[in-house]
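Participant: The C-terminal position of the sequence shown is numbered 239 in the numbering used here, with every residue numbered one higher than the one before it. Even glycine gets a Cβ: it sits at the ideal position worked out from N, Cα and C. Model, not experiment: these values are computed from the prediction. I'd like to ask some things about the structure below.
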Amino acid sequence: MRDQIYPMVRNLLLTGAIQPGEVIDEKAIAAQLHVSRTPVHEAIKRLADEHLVEVIAQSATRAARMDRKEIEESFLIRRALEIESAVQAAPRMNQDHTDRLADILNAHARSVERRNYVDAISRDDEFHRYITEISDLPRLWSTIEISKAQLDRCRHMMLPRAGQAEATLEQHREIIRALNSRDPAKAAAAMKSHLDAAYSSTKSVMDGPGLA
């Protein structure tokens, strides 16, 4: 159970269940999750390392406010790593990989049709995570996941936005086509185009209120 607390608390921050700047009540979270305060406190310490939580000495613990510079930095790190993931995955593609990516894409499309946008984000992440598995870089996804935490907060703030989810699905189809070509340059271009388009939408959130 201890290992499950960290992703649970992290998800509360990413989805906006705990808003930026909101005081984090470890006792209340522990009661909500039916655990002691110790694993919650340990999770908070890990989340502080990811800049999702601010621990104010002798005062309080708060959900970190969203910072424009950190979001920009998160995007640059994610883009570099995911482009390399696509480059490494392309020459390794086989029919099983193609079929699995298609299955993930179809599940993603069903989530969009049902307007279950939280699940759609999960399917989106599953798509990108599987490409890192194809690339045979086992530690890559965990690094990407940590680096994109601030971007994920923006993703949840953008939902639902007309046309955004459908555009993502089409971009994922293009990534699959590029990977199936087994051409690293095409795979890199498709991934870059997709991530740049996603970041363009993220900028509209960054230009709104609430960011430093």
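Return the chain-ordered ranges of every alpha helix (DSSP H) run that is complete within the stretch 140 to 209 and spans a minimum of 4 residues.
Facilitator: For the stretch 140 to 209, whole alpha helix (DSSP H) runs of length 4 or above, ordered along the chain, are 144 to 161, 167 to 174, 176 to 185, 191 to 207.
Participant: Output the distance between the C-alpha atoms of Ala129 and Leu74, rounded to the nearest integer angstrom.
Facilitator: To locate residue 129, count along the sequence shown from 1; it is residue 102. To locate residue 74, count along the sequence shown from 1; it is residue 47. Computed Cα separation, rounded: 33 Å.
Participant: I'd like to know whether the C-beta atoms of Ala217 and Glu201 end up nearer to each other than 7 Å.
Facilitator: Here residue 217 is taken as the residue at index 190 of the sequence shown, counted from 1. Here residue 201 is taken as the residue at index 174 of the sequence shown, counted from 1. Their beta carbons are under 7 Å apart, which means Ala217 touches Glu201 by this criterion.
Participant: Taking 7 Å as the cut-off, decide whether the C-beta atoms of Ile110 and Lys230 are in contact.
Facilitator: As a first step, residue 110 must be located in the sequence shown, where it is residue number 83. As a first step, residue 230 must be located in the sequence shown, where it is residue number 203. Result no, Cβ atoms of Ile110 and Lys230 do not sit closer than 7 Å.
Participant: How many Å lie between Arg106 and His78 at the Cα?
Facilitator: Locating residue 106 in the sequence shown gives position 79, where the first residue counts as 1. Locating residue 78 in the sequence shown gives position 51, where the first residue counts as 1. Their Cα atoms are separated by approximately 19 Å.
Participant: Please report the distance separating the alpha-carbon of Lys213 from that of Gln46.
Facilitator: Position 186 of the sequence shown, counted from the start, is the residue given in the question as residue 213. Position 19 of the sequence shown, counted from the start, is the residue given in the question as residue 46. So the alpha carbons of these two residues sit roughly 39 Å apart.
Participant: Does the beta carbon of Asp52 come closer than 7 Å to any beta carbon on chain D?
Facilitator: Note that chain D does not occur in the displayed structure, where there is just one protein chain.
Participant: Taking the straight line between their C-alpha atoms, what separation do you get for Phe154 and Ile148?
Facilitator: For the purposes of this step, residue 154 is taken as residue 127 along the sequence shown, with counting starting at 1. For the purposes of this step, residue 148 is taken as residue 121 along the sequence shown, with counting starting at 1. Spanning the two alpha carbons is a distance of roughly 10 Å.
Participant: Would you call Leu167 buried or exposed, if buried means 16 or more other Cβ atoms sit within 10 Å of its Cβ?
Facilitator: Indexing the sequence shown from 1 puts residue 167 at position 140. Buried.
Participant: Can you tell me whether Val145 is buried or exposed, with buried defined as 16 or more other CB within 10 angstroms of its CB?
Facilitator: Counted from its first residue, the sequence shown places residue 145 at position 118. Exposed.
Participant: Relative to the C-alpha of Asp179, which residue among Val82, Phe102, Ile158 is closest?
Facilitator: Taking the sequence shown and counting its residues from 1, one reaches residue 179 at position 152. Answer by Cα proximity: Phe102.
Participant: Evaluate Lys72 with the Cβ neighbour count: other Cβ atoms within 10 Å of its Cβ, from every protein chain shown; 16 or more gives buried, anything less gives exposed.
Facilitator: Against the sequence shown, residue 72 aligns to sequence position 45. With fewer than 16 Cβ atoms within 10 Å of its Cβ, Lys72 is classed as exposed.
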